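All remarks here apply to the structure that follows.
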Amino acid sequence: MRPVYVVGIGMSPQDLTEAHRRIIEEAEVLAGGSRHLAFFPDHQADKILLEGGLDAAISRIRSCAHGKRVVVLASGDPNLYGIAPRLVREFGPENVVIHPNVTAVQAACARLKQSLSDVRVVSLHGRKDLSSLDEALCSKRSVMVYTDPVNGPGAIARHLLKLGRTDRICVLEDLGLENERIRWMGLEEAESARFSRLAMVFINGRPPAPARSLHLGMPDDSYAHERGLVTKAEIRAVILATLALSPGLTLWDVGAGCASIAIEATLLAPGGRVYAVEKDLARVDLIRHNLDTFACTGVIPVNGKAPACLHALPDPDRVFVGGSTDMLEEIIRSSWKRLPAGGRLVASAVLMRTLSTAMDTLRALGCTPDVTLVQVARGEPLAEDVFVKAMNPVWIIAGTKGENP
29 MRPVYVVGIG MSPQDLTEAH RRIIEEAEVL AGGSRHLAFF PDHQADKILL EGGLDAAISR
89 IRSCAHGKRV VVLASGDPNL YGIAPRLVRE FGPENVVIHP NVTAVQAACA RLKQSLSDVR
149 VVSLHGRKDL SSLDEALCSK RSVMVYTDPV NGPGAIARHL LKLGRTDRIC VLEDLGLENE
209 RIRWMGLEEA ESARFSRLAM VFINGRPPAP ARSLHLGMPD DSYAHERGLV TKAEIRAVIL
269 ATLALSPGLT LWDVGAGCAS IAIEATLLAP GGRVYAVEKD LARVDLIRHN LDTFACTGVI
329 PVNGKAPACL HALPDPDRVF VGGSTDMLEE IIRSSWKRLP AGGRLVASAV LMRTLSTAMD
389 TLRALGCTPD VTLVQVARGE PLAEDVFVKA MNPVWIIAGT KGENP
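Using my numbering, read the sequence shown as starting at 29 and increasing by one per residue.
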């Protein structure tokens, strides 16, 4: 098999070096997307169109490479969300030669005078959901997004609005071409605007300074909440410890209330994703208020009723179930199905019925639950002394999913 050459065009053929051009000129078979092949209409090589499913095209490339010089055209750097890794897997590294070029991310950062090292890069091309964008937004860095016709700037703006974001975004269209356009836009404006198919989206990641610093065991009144509906600091600490969080994990906080668990969980799972699921819209507003208070970028509010709304979320590594218990069995079963082996589910209960449902459901799923009763009493002033006032006891039920659930 002869080597397959993969050449990054850059933003346009103007970015090609003499070495790049010579490789393309000597091609006997030229493969690429319709846009790339259109740059070389007079080239005499046989053409292979790379669009839609790639299996058939790669089979043709393999066949041609046994006797002819094959050159595959790609955008920017073929190794950055491009075709090069697929070709290396198919043909082996010894049979692929890669010639990178300027990427759209590099060009966009140059236009915006933005340090590339400070930017997270996300590709939504061909993605079925925006979970990779959610993960990037959890960091404090700016985000540059490759889009496609489905996950375009309008869809991204709509998603940011659902997350309660209010910042402007920058849409960079047709970089390097004659009709290049760069626009800073409000989210409402971007949601309804029309854009080129070749568009990048830049989301500034500089969060506001927090009104309050965040630490584990925040006082209950640190959080805006509804009529005392906040997990008390001592109970919160036990729940977070029971969840066994670690960096990079995905947590569902189902029945999040004011999101005190979710917010403090970000301290124990840096680089992960925490989804605060709450069916009550007024409480979702409280969650957003608390996120602003602590400038917490690691929590993604989700307004919806579980378990139905959980289907749209990425698979969790950890699940905490609190709040309303009217669908507790269904929520546990739905969450358990999505957990990987070794994943952990924790539920809290103040009612015996809730405790029984949680334990029975986990047992039916093949798990022997761990059960802890937490009874907290706080000292309060009385006359010139202190008396101890008992708080409501809370059951904490936990289960770890085995290899063969």
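The beta-carbon is built from N, C-alpha and C at its ideal position, and this holds for glycine as well. Quick caveat, the model's predicted, so the values are computed rather than measured.
Task: Opposing strand residues paired with Y174 [DSSP bridges] - done: S151, M228
Task: C-alpha distance - I111 paired with G180, whole-angstrom precision - done: 21 Å
Task: Beta-carbon proximity of A426 to P397, cut-off 8 Å - done: yes
TODO: Give the secondary structure of L165 by DSSP, where H, G and I count as helix, E and B as strand, and everything else as coil.
DONE: helix
Task: Whether L401 touches T382 by CB criterion (8 Å) - done: no
- [ ] Taking 8 Å as the cut-off, decide whether the C-beta atoms of L319 and W364 are in contact.
- [x] no
Open item on the list: Using only the alpha-carbon positions, how far apart do D354 and G283 sit?
Closed with: 11 Å
Open item on the list: If you follow the alpha helix (DSSP H) that D313 is in, where does it begin and where does it stop?
Closed with: 309-321
Open item on the list: With DSSP as the reference, identify every bridge partner of A304, one or two as the case may be.
Closed with: D281, P329
TODO: Sort out for me which residues DSSP pairs I197 with in a bridge.
DONE: M213, I231
Open item on the list: Does L77 come out as helix, strand or coil in the three-state DSSP assignment?
Closed with: strand
TODO: Go ahead and label L373 buried or exposed: buried means 16 or more other beta carbons lie within 10 angstroms of its beta carbon, across all protein chains shown.
DONE: buried
Task: Integer-rounded CB distance, given that A136 should sit under 8 Å from L191 - done: Between A136 and L191 the Cβ distance is about 22 Å, and since that is not below 8 Å, they are no contact.
Open item on the list: Within the continuous beta strand (DSSP E) that includes A375, where are the two ends?
Closed with: 372-377
Open item on the list: Using 8 Å as the threshold, is the C-beta distance between V57 and V116 below it?
Closed with: no
Task: alpha helix (DSSP H) segment containing V116, residue limits - done: 112-119
Open item on the list: By the three-class DSSP mapping on this structure, what secondary structure does H127 have?
Closed with: strand
Task: Helix, strand or coil at P247 [DSSP, three-state] - done: coil
Open item on the list: Can you tell me where the alpha helix (DSSP H) holding D398 begins and where it ends?
Closed with: That residue, D398, is in no alpha helix (DSSP H); its beta strand (DSSP E) goes 398-402.
- [ ] Using beta-carbon positions only, say whether G299 and G276 come within less than 8 Å of one another.
- [x] yes
Open item on the list: Distance check for A261 and V34, CA to CA, integer angstroms please.
Closed with: 57 Å
Open item on the list: Looking at N107: is its Cβ nearer than 8 Å to the Cβ of I126?
Closed with: yes
Open item on the list: Quick check: the segment 303-319 against the segment 287-294, are at least 3 beta-carbon pairs closer than 8 Å?
Closed with: yes
Task: Inter-residue Cα distance where the pair is K141 and S40 - done: 21 Å
- [ ] Return helix, strand or coil for I424, following the three-state DSSP convention.
- [x] strand
Open item on the list: Need the endpoints of the beta strand (DSSP E) that G407 sits in, please.
Closed with: 405-410
Open item on the list: Using CA atoms only, rank isn't needed, just tell me which of H48, D413, E79, S103 is closest to A132.
Closed with: S103
TODO: Compare the Cα-Cα distances from E122 to each of P128, D162, V229, P113 and report the closest residue.
DONE: P113
- [ ] Evaluate P433 with the Cβ neighbour count: other Cβ atoms within 10 Å of its Cβ, from every protein chain shown; 16 or more gives buried, anything less gives exposed.
- [x] Residue confidence is low: P433 scores 47 on pLDDT, short of 50, so the model does not pin down where it sits. Its coordinate-derived value is still stated next. Per the 10 Å Cβ criterion, exposed.
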